[in-house]
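Heads up, the thing below is written out as structure tokens.
In full-length UniProt numbering, the protein residues as written are 1 to 286.
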């Protein structure tokens, strides 16, 4: 990866060209990586994933093994095997819910591995059904919350998202009392709800559904920004956010973008099914 960065630096490419170049190289590596997956046991546990989805989203029900239904009779089928794993670059475009469970979210450390940040995958059909099909529908479910810097933010009330963020706020307030410097990371925040697409993508951001919050941008790192500065991290940790803050969010079912290989350290996203699934896999090993 370091030699790749050196090549990009020497060529003096534009940011857009750098991103395209990196995508081409990574795509070829991801395809090779996906091919090797057929030689190792598959992590995916359909029973655990189904249980977690049913536990956290009351619009879902299960009628048959390896499938779940929306209560409007729309069906999502689980059929994941080593032979049909979607390479990450393709999965990030097709955005199938099942692919978000391929690799467990890395709780307990900052460790992350290339091409295993499957929790970045968001099934737009799934989220639009449970949070709102368009901007107007999502706005109907938004509720204001006074944040730690006294600004008012909006968050989705569906599926426990708003209540979870409110509990995060309470946890953070207690932490700040004993360690005031933490507030530096939690003021002047990047925002919550905004109907928009992900950078360099046609897919909707989690912010579009009002289930994500970006904290202080000035104290954060994002892989595309680092690429522009020739500072793309290949280490196991890019943490600039104190662990206490990360744990406060994760304890209330928010995943942290700093655990992704394509890191986004300001970003926290309400994904209870992802954390539930990881915990289930962990418990099954005990």
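Glycine included, each C-beta is placed from N, C-alpha and C at the ideal position.
The structure presented is a predicted model; accordingly, all values stated were derived computationally and were not measured.
Taking residue 168 as the centre and dropping the five residues before and after it, the same chain places the C-beta of 248, 249 and 252 closer than 6 angstroms to its C-beta, in chain order. It is roughly 23 angstroms from the alpha-carbon of residue 150 to the alpha-carbon of residue 208. Close CB contacts of residue 164 within its chain, under the 8 angstroms cut and outside five residues either way in sequence, are with 252, 253, 254, 270 and 272 (chain order). By the CB criterion at 9 angstroms, residue 96 and residue 123 fall inside the cutoff. Put simply, the backbone Cα of residue 210 is about 13 angstroms away from that of residue 197. For residue 56, the enclosing alpha helix (DSSP H) stretches over residues 46-56. Cα atoms of residue 73 and residue 61: separation of roughly 9 angstroms, rounded to the nearest angstrom. Under DSSP, residue 191 takes part in a beta bridge, and its partners are 214.
Following the DSSP letters along the chain, one finds residue 124 in no beta strand (DSSP E) but inside the alpha helix (DSSP H) bounded by residues 124-131. In the DSSP annotation of this structure, residue 228 is not part of any beta strand (DSSP E); the continuous alpha helix (DSSP H) holding it starts and ends at 223-228. In this structure, residue 129 keeps its C-beta atom at 9 angstroms or more from the C-beta atom of residue 141. Going by C-alpha positions, residue 224 is about 15 angstroms away from residue 218.
With respect to the 9 angstroms criterion, residue 161 and residue 185 are not classified as neighbours on the basis of their beta carbons. Rounded to whole angstroms, residue 87 and residue 172 show a C-alpha spacing of 37 angstroms.
Rounded to whole angstroms, residue 202 and residue 178 show a C-alpha spacing of 43 angstroms. Under the three-state reduction of DSSP output, residue 138 falls in the helix class.
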